[in-house]
Amino acid sequence: MQKIKNNKCFWLLFFLALFGFSIGTFDNYRELWMAENYLSTVSISHVISISYFVTVLILFYFTIRVSADKLKMGIVVSLLIKMITGTILICLNGTNALFWIKFLMFFDIAFTQVIVASIYPLMMNISKDDVLYTKKSFIESLFSKLGFLFVSILLGKVIIHTIVDYNLCLLLSILFTFLSFFILITIEIENKKEKTKFDLKETLTYFNKNKILYTYLFHNGLGALIWASILGMPMLILTENIGLSSTISSYLILGIGILSNFLSMFIVKYTKGKSDYVHMFFKYGIRLLFYILIFFMNNTTLFFIMLLYLLLTDCTHEFVFSGFFINTIEEKYSLLLTTLKYCSSLVGKAIGTFICGLVFHFEYRYFVIPAILLSILHYVVIVKLIKEKQSQSKKI
Numbered sequence: 001m002q003k004i005k006n007n008k009c010f011w012l013l014f015f016l017a018l019f020g021f022s023i024g025t026f027d028n029y030r031e032l033w034m035a036e037n038y039l040s041t042v043s044i045s046h047v048i049s050i051s052y053f054v055t056v057l058i059l060f061y062f063t064i065r066v067s068a069d070k071l072k073m074g075i076v077v078s079l080l081i082k083m084i085t086g087t088i089l090i091c092l093n094g095t096n097a098l099f100w101i102k103f104l105m106f107f108d109i110a111f112t113q114v115i116v117a118s119i120y121p122l123m124m125n126i127s128k129d130d131v132l133y134t135k136k137s138f139i140e141s142l143f144s145k146l147g148f149l150f151v152s153i154l155l156g157k158v159i160i161h162t163i164v165d166y167n168l169c170l171l172l173s174i175l176f177t178f179l180s181f182f183i184l185i186t187i188e189i190e191n192k193k194e195k196t197k198f199d200l201k202e203t204l205t206y207f208n209k210n211k212i213l214y215t216y217l218f219h220n221g222l223g224a225l226i227w228a229s230i231l232g233m234p235m236l237i238l239t240e241n242i243g244l245s246s247t248i249s250s251y252l253i254l255g256i257g258i259l260s261n262f263l264s265m266f267i268v269k270y271t272k273g274k275s276d277y278v279h280m281f282f283k284y285g286i287r288l289l290f291y292i293l294i295f296f297m298n299n300t301t302l303f304f305i306m307l308l309y310l311l312l313t314d315c316t317h318e319f320v321f322s323g324f325f326i327n328t329i330e331e332k333y334s335l336l337l338t339t340l341k342y343c344s345s346l347v348g349k350a351i352g353t354f355i356c357g358l359v360f361h362f363e364y365r366y367f368v369i370p371a372i373l374l375s376i377l378h379y380v381v382i383v384k385l386i387k388e389k390q391s392q393s394k395k396i
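Using the working numbering, you'd call the opening residue of the sequence shown number 1 and step up by one each time.
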């Protein structure tokens, strides 16, 4: 018991579990909550897009300017702001105060992303190893899904004369955020004696000598952009465009998300030695074929099957590039590359979600046009990366 009490990594993971659970209880219903508060799909896409851009700016500040000993305080402040904005949003529910709902919501989304992205850098101040990073990713994903499952079961039911609706999901999210906040403030993070100052000139020199890293980040951002141009607002897509209920949509996203995680582990274990071109075709090539077929057939069933395939292949084949480029970079730049990877994804999601909002009410054939055009470019970038990876692998 004393060993667990003094294990700071354990308590940080416990904090992450509670915070991940709080994310799961509301984030998947955020779009529907905004839609019930009279926001159009275009407005919802704008709120999500702006929040991602805000996140990128804050993350860059945290990475470059905030030392590890101050990082905990930054997360604590972010948690406080998130709880305050969430509480105000609960009070604004049904009031038609559209400006304040949009203003507070994009900060709420942004600080959620910032907290999640800042946890591993905080852990690195205590311990740095691949096992801890794996545990962090697993717990974040698992408890987010558990929170999603928890509210999916409760949604629409009457508990103590109260109907569990989207606003109550937001309240549950705030309660679990408070519990995570309480755990975090009890953890003491010791200051590192040696502090390495971020050198922008040195970093740019290193990246300019390894320009393939720019291509990798472009691939990462472009992939996120294409994904979000189709699934930037998944619950709204499934409920409004496909006509499913929110409950069925919840179980569908949750079930296929879990299946995608298991599928990714199976692929890593049994097919990692296969050709990179084969892996990329099954993830991105088949997606492009779906987009083209939908353009010509304009069919709801085919569009729904495409959405299922996108969700199923969400986690698969990431080892082809991510692990290789992050593991081959010099250690002192690995954290920056990880941050840039996360930021490039957020920028891609921001632009993609904005596009999704613009084409949301179009026919399916016009809905997929941005994805078709961008996927062709993306496939060219992927081929370039595979060739570079194979070239570098021969030198190692």
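Just so it is clear, CB atoms sit at the ideal spot from N, CA and C, and this is done for glycine as well.
Taking C-beta atoms as the reference points, Leu346 and Tyr52 count as a pair closer than 8 Å. Straight-line spacing of the CA atoms in Phe26 and Gln390 works out to 42 Å. Beta-bridge partners assigned by DSSP to Ile163: Val158. DSSP, read as helix, strand or coil, puts Ala97 in coil. Residue environment analysis places Trp227 among the buried positions, since at least 16 neighbouring C-beta atoms fall within 10 angstroms of its C-beta. In the structure shown, Cys169 falls within a helical segment according to DSSP collapsed to helix, strand and coil. Thr300 and His219 have their C-alpha atoms spaced approximately 29 Å apart. In the three-state reduction of the DSSP assignment, Thr316 falls in the coil class. Your pair Asp276 and Ile174 does not check out as a contact, with CB atoms roughly 44 Å apart and the cut at 8 Å. Asn28 counts as buried, since at least 16 other C-beta atoms from the protein chains shown sit within 10 angstroms of its C-beta. With the rule of 3 Cβ pairs closer than 8 Å, the region 206 to 221 does not count as touching the region 103 to 114.
Going by DSSP, Glu240 is part of no alpha helix (DSSP H) at all; its letter is neither H nor E.
In summary, Gly24 is buried, with 16 or more beta-carbon neighbours lying within 10 Å of its beta-carbon over all protein chains present.
Taking Phe290 as the centre and dropping the five residues before and after it, the same chain places the C-beta of Met306 closer than 6 Å to its C-beta, in chain order.
In the structure shown, Lys102 falls within a helical segment according to DSSP collapsed to helix, strand and coil.
Look at Tyr309 here: in three-state DSSP terms it is helix. Around the CB of Asn167, 16 or more other CB atoms lie within 10 Å, so the residue is classed as buried. Excluding five sequence positions before and after Leu222, the CB atoms of its chain that fall closer than 8 Å to its own CB belong to Gly348, Leu374, Leu377, His378, Val381, given in chain order. Between the C-alpha atoms of Lys211 and Lys201 there is a straight-line separation of about 15 Å.
Secondary structure at Asn28: helix, using DSSP grouped into helix, strand and coil. One thing to note: Thr177 has its Cβ no nearer than 8 Å to the Cβ of Met34. Here Tyr38 has Asn96, Leu98 as same chain residues with Cβ atoms under 7 Å from its own Cβ, once five neighbours each way along the sequence are excluded. Excluding sequence positions up to five before and after Leu340, its CB lies within less than 7 Å of the CB of Leu217, all in the same chain and listed in chain order. With distances taken between CA atoms, Leu231 lies nearest to Arg287 out of Phe282, Leu204, Arg287, Met123. A distance below 8 Å separates the beta carbons of Leu71 and Ser118.
In this structure, the alpha-carbon of Phe266 lies about 10 Å from that of Ser260. Ranked by Cα distance from Leu263, the first of Ser137, Thr313, Glu36 is Thr313.
Taking 8 Å as the cut-off, the Cβ atoms of Ile355 and Ser229 count as close.
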